[in-house]
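Position 281 of the sequence shown, counting from 1, maps to 281 under our numbering, and the rest follow consecutively.
The C-beta atom is built at its ideal place from N, Cα and C for all residues, glycine as well.
See structure below.
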Amino acid sequence: MNDQLPAAGRVVSGMRPSGALHLGHYHGVLKNWLQLQQQTECLFFAADWHALTTHYENPGQIAQLTFEMVIDWLAVGIDPNQATIFVQSQVPEHAELHLLLSMITPLSWLERVPTYKDQQEKLKERDLATYGFLGYPVLQSADILIYHGTRVPVGEDQVAHVELTREIARRFNHLFGRETNLEQRIEEALQRLDPKTVRRYRELRQRYQEQGDGEALTAARGLVEAQSVLAPDERHRLLGYLEGGARQILVEPQALLTSAPRLPGMDGQKMSKSYGNTIALREPLDQVAQKLRTMPTDPARVRRIDPGEPARCPVWGLHQVYSDETMQNWVQTGCRTAGIGCLDCKKPLIEAITAELAPIQARAREFTEDRARVNTILAEGAERAREQAGATITEVRQAMGLRAS
Ligand code: TRP
Ligand code: SF4
């Protein structure tokens, strides 16, 4: 379901707490997270500060929504032993980095981020002419850069934010990554590696710098990343030196787009809370079945004997996600020949969806009955995250000429 599976790298992604997660989140985002957590280091967090940028006037629900969202994550199988799960506001280092990055982020970069104007238009009833809302993508950049995240699984609408993150990182490194005695420091770092590795590093760097050989750059990066004897600043210096002079203090991440099929909601539009057409992960199963039974079908198929056309029917969109080829053929033929009725057509979907939800709901119940366990998971996640975030902040403070504490 993912086009560009990362062989390695650190995945960072956040989700705003905005209400009960539904099947659209499950197929569009969470299944991707489940795959990623098995493949590589992942940090997943609830972006509660981001929720506040748009909902500052009635924040009363944010803590509760955050907690429930984390239960949904755990219920689908996001695993605290594989991924670091935490709440953004429990890692105040994000806020410090946000502040420091705001010093170097040109206003014009923020004003031209497409979501800035789009959201203001869309949420007309809210006053979003605030400093915090303009800075939304800077906060998101801080979320990513503070962990040296290299891959950011996001939806299409968030790609511009990851692009901005790259620009901010580049500007930061350019401004603060210059060192007067760089060559000497590079030599010092290299001395800590074995001679064969050093030879390979120089060779790859030369190949990249002289011939622009991207594969050599990737190989050289991998080589440096694998040297566990290096201190973080030495590693970043060696990484930065591959491409030029500046030390790479902040790492440029890449967006990771999923190719998951878009899940239709009960009205055929994209499943989304704002359309009121969702099936929530924790919706009672009899209600789920009822929603599916009453879901509209091809409007031309008025009577059972009228043939239909799956392409005009939202139910078909669900079959494309849930059914195998044999079943899909059965639907296509049965529909077009009026060989099956719409209820017959929906029956296997009702079975598949309720079978998918039942174990998720059972796990969710375990967590709702043991809130202490959820809190422990979040506390441990925040602690782990803070260790990594703290290391970055120390480097950033030093680079920006602040006293390191
Ligand atoms: N802005 C993202 C969204 O609305 C949520 C988010 C916040 C995020 N911080 C992030 C996503 C960092 C990826 C990485 O979906
Ligand atoms: Fe839609 Fe299935 Fe009915 Fe055809 S038979 S109109 S695909 S629900």
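Within 10 angstroms of the beta-carbon of serine 274 lie fewer than 16 other beta-carbons, which makes it exposed.
As computed with DSSP, serine 323 is found in no beta bridge at all. With distances taken between CA atoms, lysine 117 lies nearest to Gly135 out of Ala355, Pro106, Gly135 and Ile104. Near the ligand SF4, residues with a Cβ at less than 5 Å from any of the ligand's heavy atoms are Thr297, Asp298, Arg301, Gly308, Pro310, Cys313, Val315, Trp316, Cys335, Cys342 and Cys345; the list follows chain order.
When secondary structure is reduced to three states using DSSP, threonine 84 falls in the strand class.
Counting C-beta atoms within 10 angstroms of its own C-beta, glutamine 140 has 16 or more neighbours from the protein chains shown and is therefore classed as buried. Contact between valine 76 and leucine 34 holds, with the beta-carbon distance rounding to 7 Å and staying under 8 Å. For arginine 16, the distance from the CB to the nearest heavy atom of the ligand TRP is below 6 Å. If you keep only unbroken alpha helix (DSSP H) runs of at least 4 residues inside the stretch 166-223, you get 182-191 and 195-211. The beta carbon of glycine 24 sits closer than 6 Å to those of Leu263 and Met271, all from its chain and outside the five residues before and after it, given in chain order.
With distances taken between CA atoms, arginine 16 lies nearest to Thr53 out of Gly9, Thr53 and Glu380. The Cβ atoms of arginine 10 and threonine 150 sit closer than 7 Å to each other. Non-local beta-carbon contacts of arginine 185 in its own chain, meaning distances under 7 Å to residues more than five positions away in sequence, involve Glu179 and Arg237 in chain order. Per DSSP, glycine 14 is one residue of the beta strand (DSSP E) stretching across 10-15. Runs of beta strand (DSSP E) with 3 or more residues, each lying fully within the stretch 53-122, are found at 83-87, listed in chain order. Scanning its chain for C-beta atoms nearer than 8 Å, with the 5 sequence neighbours on each side dropped, one finds around leucine 182 the residues Arg237, Tyr241, Gly245 and Arg247, in chain order.
Under DSSP, cysteine 42 shares a beta bridge with Val11 and Ala83. Three or more Cβ pairs closer than 8 Å define a contact, and the stretch 385-396 meets that threshold against the stretch 89-96. Going by C-alpha positions, leucine 30 is about 15 Å away from glycine 19.
Here the C-alpha atom of glycine 341 lies approximately 12 Å from the C-alpha atom of valine 315. In this structure, alanine 255 sits away from valine 321, with a CB-CB distance that is not shorter than 7 Å. A direct Cα-Cα distance of roughly 36 Å separates valine 374 from glycine 222. DSSP places proline 153 in the uninterrupted beta strand (DSSP E) bounded by 151-153.
Comparing alpha-carbon positions, the option among Thr394, Tyr56 and Phe172 lying closest to serine 102 turns out to be Phe172. Under the DSSP definition of a beta bridge, lysine 270 partners with Pro264.
In the structure shown, alanine 129 falls within a coil segment according to DSSP collapsed to helix, strand and coil.
One Cα belongs to isoleucine 104, the other to alanine 169, and the distance between them is close to 10 Å. In the structure shown, histidine 148 falls within a coil segment according to DSSP collapsed to helix, strand and coil. For lysine 347, the uninterrupted alpha helix (DSSP H) segment begins and ends at 342-368. A contact is defined here as three or more CB-CB pairs under 8 Å, and the stretch 190-209 fails this definition with respect to the stretch 156-163. Pairing threonine 40 with alanine 83, the inter-Cα distance amounts to about 9 Å.
In the structure shown, alanine 20 falls within a coil segment according to DSSP collapsed to helix, strand and coil. Under DSSP, alanine 280 forms a beta bridge with His22. Between the alpha carbons of leucine 217 and threonine 115 lies a gap of roughly 33 Å.
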